[in-house]
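Participant: Dropping the structure in here first, questions after.
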Ligand code: HEC
Ligand code: HEC
């Protein structure tokens with residue numbers, strides 16, 4: 001008996017442990033949840049050395065740590081910074097609470113309407129009017145010399161701020177099939193008595209000239225590919241031209257030849273490293289302890305009941321592994337394919353009466369629409385909405401009108417306890 005006990009008790013324990021483990025394993029395979037985590041800490045020494053990726057395969061010779069280091073690297077004039085720019089590294093604006101998150105940094109967008117009420121992206125003059133930069137709705141805040149400093153003329157009476165967005169988990173967002181976003185849009189009228197109808201827009205893919213896909217990145221859904229966004233950001237945030245955006249914004253005070261982004265010894269440009277870093281990040285995690293509370297659970301149900309989830313969609317599954325996207329330039333790897341994510345967004349444009357009047361890559365009717373902000377990672381920010389002008393979750397909700405007017409009204413008529421439960425749920429995201 002003694003022997004039996006000695007040998008089988010551990011075996012029993014093992015069996016007990018193994019069975020649930022096997023169940024969890026099966027369950028997670030069926031659900032195929034995308035890995036989540038704030039797993040890219042910003043370290044001064046050996047950037048990326050403690051980071052964990054979502055398992056994305058790295059190009060030959062490259063590492064996730066190296067991609068993160070390039071994303072964090074502060075550029076100088078010698079590397080092509082400016083002449084006009086906003087900050088010196090991607091991580092200057094994408095950093096909270098880890099590299100790739102968002103930040104409090106906002107940008108300045110400007111323009112005006114023509115006689116027919118259509119948005120005009122302005123020509124900004126620099127160098128005391130001797131030079132100008134056409135089609136420039138982004139007014140850069142910094143320049144490498146006083147002559148290149150942009151000044152917004154009085155005529156540009158549309159002026160608005162744009163908050164920095166998180167890029168964590170964006171590889172999964174890129175891996176969502178166009179048809180999935182289109183289906184979400186198609187279902188919204190029926191879910192809302194015709195009130196809610198997200199707009200999809202087709203946007204150019206920089207790396208596949210002449211081809212488009214459904215936009216899903218940026219406040220205006222202005223991009224659908226992370227490589228396109230990275231090249232756009234390198235030029236417009238840091239003033240560094242690349243093979244996709246090969247011409248700098250001005251020659252005033254320019255000292256380098258275009259394109260300024262060159263292949264390294266791995267044959268990769270910086271924009272390739274940025275893209276690989278972003279694609280390799282895990283999705284933002286929930287605060288599981290808070291989410292498990294009775295109040296947060298109740299709040300989650302209220303979120304669905306009052307209609308928030310019609311736009312802030314709770315679960316989306318990415319396209320299967322092997323799907324070719326971005327005009328044939330990217331094949332979705334196992335790490336990103338067939339994964340369930342919880343972005344709390346439909347990635348569609350809506351008019352909720354907060355519109356800033358600005359058109360980017362979309363048709364004229366998108367002027368007063370914005371992308372449903374993904375609420376994953378919401379607990380890491382306090383300046384809310386595109387302009388950062390809502391200082392609390394409640395203020396942000398109360399600004400929802402237009403397509404969201406009915407939902408807002410339902411929120412207003414909730415009991416104080418229900419409202420507080422909804423906010424507790426939001427605080428767990
Ligand atoms: C000065 C601040 C700043 C810098 C520097 C910056 N960004 Fe951004 N980033 C932003 C802002 C603001 C947005 C939202 C822009 C918009 O939609 O108008 C954004 C959005 C993005 C998005 C879209 C995220 C999403 O989920 O929609 C990506 C991708 C991105 N940036 C990548 C980069 C890369 C790569 C770099 C470095 C080359 C970079 N950014 C540098 C401020 C910055
Ligand atoms: C018709 C679609 C729609 C519905 C319904 C909707 N939202 Fe939104 N939500 C948006 C859009 C679009 C934005 C971005 C608006 C902007 O930046 O001006 C947004 C932004 C937000 C933000 C700000 C997030 C941030 O990081 O800045 C919060 C919080 C939010 N919504 C919560 C809610 C809640 C809670 C409900 C339900 C009571 C709700 N929303 C219903 C479309 C919607």
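Numbering (our numbering), first residue to last: 1 to 429.
Virtual Cβ for every residue (Gly too), placed ideally from N, Cα, C.
Given the structure is predicted, the values throughout are model-derived calculations rather than measurements.
1) What's the gap between the Cα of residue 130 and the Cα of residue 335?
2) In its own chain, which residues sit with a C-beta less than 7 angstroms from the C-beta of residue 219, not counting the 5 before and 5 after it?
3) Give the secondary structure of residue 111 by DSSP, where H, G and I count as helix, E and B as strand, and everything else as coil.
4) Distance check for residue 352 and residue 202, CA to CA, integer angstroms please.
5) On the premise that residue 379 lies in contact with residue 287, defined as a C-beta separation below 8 angstroms, what is that separation, rounded to the nearest angstrom?
6) So what does residue 132 bridge to, in DSSP terms?
7) Specify the secondary structure class of residue 162 as computed by DSSP and reduced to three states.
8) So, is residue 82 buried or exposed, given that buried needs 16 or more other C-beta atoms within 10 angstroms?
9) Within the region 194-238, note down every full alpha helix (DSSP H) run reaching 4 residues or more, in order along the chain.
10) May I ask which residues mark the beginning and end of the alpha helix (DSSP H) holding residue 184?
11) In whole angstroms, what separates the C-alpha of residue 49 from that of residue 281?
12) Short check: CB of residue 172 to CB of residue 98, under 9 angstroms?
13) CB-CB under 8 angstroms to residue 2, same chain, minus the five flanking residues each way: which ones, in chain order?
14) Shortest alpha-carbon distance to residue 117 belongs to which of 359, 41 and 374?
15) Is DSSP giving residue 393 helix, strand or coil here?
16) For residue 333, collect the residues of the same chain with a Cβ closer than 7 angstroms to its Cβ; drop the 5 residues on either side in sequence, then sort them by chain order.
17) Run through DSSP, which three-state label would residue 371 get?
18) Could you compute how far the alpha carbon of residue 327 sits from the alpha carbon of residue 291?
19) Hey, residue 311 and residue 403: beta-carbon distance below 9 angstroms or not?
20) Residue 401 to residue 412, Cα distance in whole Å?
21) Quick one: what's got a C-beta closer than 7 angstroms to residue 112's C-beta in the same chain, skipping five residues either side?
22) Relative to the C-alpha of residue 52, which candidate in 224, 376, 67 and 390 has its C-alpha closest?
23) Could you give the distance in angstroms between the alpha-carbon of residue 267 and the alpha-carbon of residue 423?
24) In terms of alpha-carbon separation, which member of 350, 274 and 216 lies closest to residue 204?
25) Return the bridge partner residues of residue 102 from the DSSP annotation.
26) Could you tell me if residue 363 is buried or exposed, where buried requires 16 or more neighbouring beta carbons within 10 angstroms of its beta carbon?
27) Tell me whether the beta-carbon of residue 323 lies closer than 9 angstroms to the beta-carbon of residue 208.
28) Please state whether the Cβ-Cβ distance between residue 144 and residue 85 is less than 9 angstroms.
29) With a threshold of 8 angstroms (Cβ to nearest heavy atom), would residue 424 be considered close to ligand 2?
Facilitator: To lay it out plainly:
1) Rounded to the nearest angstrom, the two C-alpha atoms are 51 angstroms apart.
2) Correct list, in chain order: 162, 370, 371 and 386.
3) In this structure, residue 111 counts as strand in the three-state DSSP scheme.
4) So the alpha carbons of these two residues sit roughly 21 angstroms apart.
5) Their Cβ separation, rounded to whole angstroms, is 6 angstroms, which keeps residue 287 and residue 379 in contact under 8 angstroms.
6) 125.
7) The three-state reading of DSSP puts residue 162 in strand, counting E and B together.
8) Under this definition residue 82 is a buried residue.
9) The region 194-238 contains these whole alpha helix (DSSP H) runs: 226-238.
10) In the DSSP annotation of this structure, the continuous segment of the alpha helix (DSSP H) that includes residue 184 starts and ends at 178-191.
11) When rounded, the distance between both Cα atoms is 14 angstroms.
12) No; because the gap between Cβ atoms is not below 9 angstroms, this pair is not in contact.
13) Because residue 2 carries a pLDDT of 37, less than 50, the predicted location of this residue cannot be relied on, and the following value inherits that uncertainty. Around residue 2: no qualifying Cβ.
14) Restricting attention to 359, 41 and 374, the CA atom closest to the CA of residue 117 is found in 359.
15) Helix, per DSSP.
16) Cβ within range, chain order: 56, 57 and 321.
17) Residue 371 falls in the strand class under three-state DSSP.
18) So the alpha carbons of these two residues sit roughly 39 angstroms apart.
19) Annotated as proximal: residue 311 and residue 403, with beta-carbon spacing under 9 angstroms.
20) Straight across, the Cα-Cα distance linking residue 401 with residue 412 is about 12 angstroms.
21) Once the five neighbours on either side are set aside, the close Cβ partners of residue 112 are 120, 122, 155, 156, 157 and 158.
22) When each option's Cα is compared against that of residue 52, the closest is 67.
23) Straight-line Cα distance between these residues: approximately 48 angstroms.
24) The shortest C-alpha separation from residue 204 is found at 216.
25) Paired residue(s): 96.
26) The residue in question, residue 363, is exposed, as its Cβ has fewer than 16 Cβ neighbours within 10 Å.
27) Contact flag unset, no.
28) Judged by beta-carbon spacing, residue 85 lies within the 9 angstroms limit of residue 144, meaning their Cβ atoms are closer than that value.
29) Checking the Cβ of residue 424 against ligand 2 gives no.
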